[in-house]
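Read through the structure below, which is laid out as structure tokens, and then see the notes.
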Amino acid sequence: MMEELEEGASEVKKQSVSFAPEPQMKIQGETFTTTLRRTDQGLGFSIAGGVGSTPCRPGDEGIFVSKVVEGGEADVGGKVQIGDKVLSINGCDMTDARHDEAVRLLKQISPEVGITLTLYREDIYYTQPPVPGRNAVEAVQVAEEPNTNANNANPVAFVQ
Numbered sequence: 001m002m003e004e005l006e007e008g009a010s011e012v013k014k015q016s017v018s019f020a021p022e023p024q025m026k027i028q029g030e031t032f033t034t035t036l037r038r039t040d041q042g043l044g045f046s047i048a049g050g051v052g053s054t055p056c057r058p059g060d061e062g063i064f065v066s067k068v069v070e071g072g073e074a075d076v077g078g079k080v081q082i083g084d085k086v087l088s089i090n091g092c093d094m095t096d097a098r099h100d101e102a103v104r105l106l107k108q109i110s111p112e113v114g115i116t117l118t119l120y121r122e123d124i125y126y127t128q129p130p131v132p133g134r135n136a137v138e139a140v141q142v143a144e145e146p147n148t149n150a151n152n153a154n155p156v157a158f159v160q
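As structure tokens, this is what we get:
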């Protein structure tokens with residue numbers, strides 16, 4: 001009987017466990033310009049941050065869009081999104097501006113003139129490196145929900 005067990009033991013195959021590689025993160029930024037007109041409800045967005053204020057992002061004292069009013073001027077067509085960094089307002093550089101300076105500029109714009117904003121938007125994409133013997137996984141951006149991440153990044157999902 002001992003001989004039978006030894007023979008059977010030699011037929012046991014070793015199995016190994018392998019894990020998929022870690023997802024790779026890619027940040028893609030875009031600078032763009034959009035024009036808004038003040039309505040009875042305002043411009044349809046709020047700002048936060050600025051030099052001397054509580055930063056929206058660690059280490060970045062820039063002015064950021066903190067709220068977009070649903071159905072408001074800034075929301076129509078996704079012109080402005082939460083987390084967008086305000087680089088300029090009507091040509092006035094906002095990269096080192098205080099919060100009160102940006103608010104003053106936004107409030108003094110008349111409905112007839114409109115406002116031209118230069119904004120910077122970051123999108124974060126995750127890609128999964130292919131695993132030998134498996135189908136590749138690609139990353140897609142999810143845009144159905146408003147951005148609520150602590151780092152103001154757009155959410156992503158993996159699809160197979």
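Position 109, counted from 1, in the sequence shown is what full-length UniProt numbering calls 109; the numbers after and before it change by one each time, with no gaps.
Each residue gets a CB set at the ideal place from its N, CA and C atoms; glycine is no exception.
Given the structure is predicted, the values throughout are model-derived calculations rather than measurements.
query, result
"Judging by CA-CA distance, which residue of Pro111, Gln128, Glu112, Leu117 is the nearest neighbour of Ala102?", "Leu117"
"Would you mind giving the Cβ-Cβ distance between Ser66 and Cys56, rounded to the nearest angstrom? I have them listed as a contact below 8 angstroms.", "7 angstroms"
"When the distance is taken between beta carbons, is Pro129 closer than 8 angstroms to Gln28?", "no"
"On the DSSP letters alone, give me the boundaries of the alpha helix (DSSP H) that Asp100 sits inside.", "99-107"
"Name the DSSP beta bridge partners of Cys92, please?", "Ile89"
"Work out the CA separation of Gly59 and Gln81 for me, nearest whole Å.", "21 angstroms"
"What first and last residue would you give for the beta strand (DSSP E) that runs through Ala48?", "45-49"
"When we look at the beta-carbon of Asp96 and count the other beta-carbons within 10 Å, is it buried (16 or more) or exposed?", "exposed"
"Looking at the secondary structure, which residues open and close the beta strand (DSSP E) in which Gln24 lies?", "24-36"
"In three-state terms, what does DSSP make of Gly42?", "strand"
"Could you please give the first and the last residue of the uninterrupted beta strand (DSSP E) stretch that includes Ser66?", "63-68"
"Buried or exposed for Gly91, going by 16 or more other Cβ atoms inside 10 Å?", "exposed"
"Within 10 angstroms of the Cβ of Lys79, are there 16 or more other Cβ atoms? Answer buried if so, exposed if not.", "buried"
"May I ask you to list the residues that DSSP assigns as paired with Ile124?", "Ile27"
"Please determine, among Pro21, Asp100, Gly42, the residue with the shortest C-alpha to C-alpha distance to Ile109.", "Gly42"
"Return helix, strand or coil for Gln15, following the three-state DSSP convention.", "coil"
"Does the separation of the CB atoms of Glu61 and Gly49 fall below 8 angstroms?", "yes"
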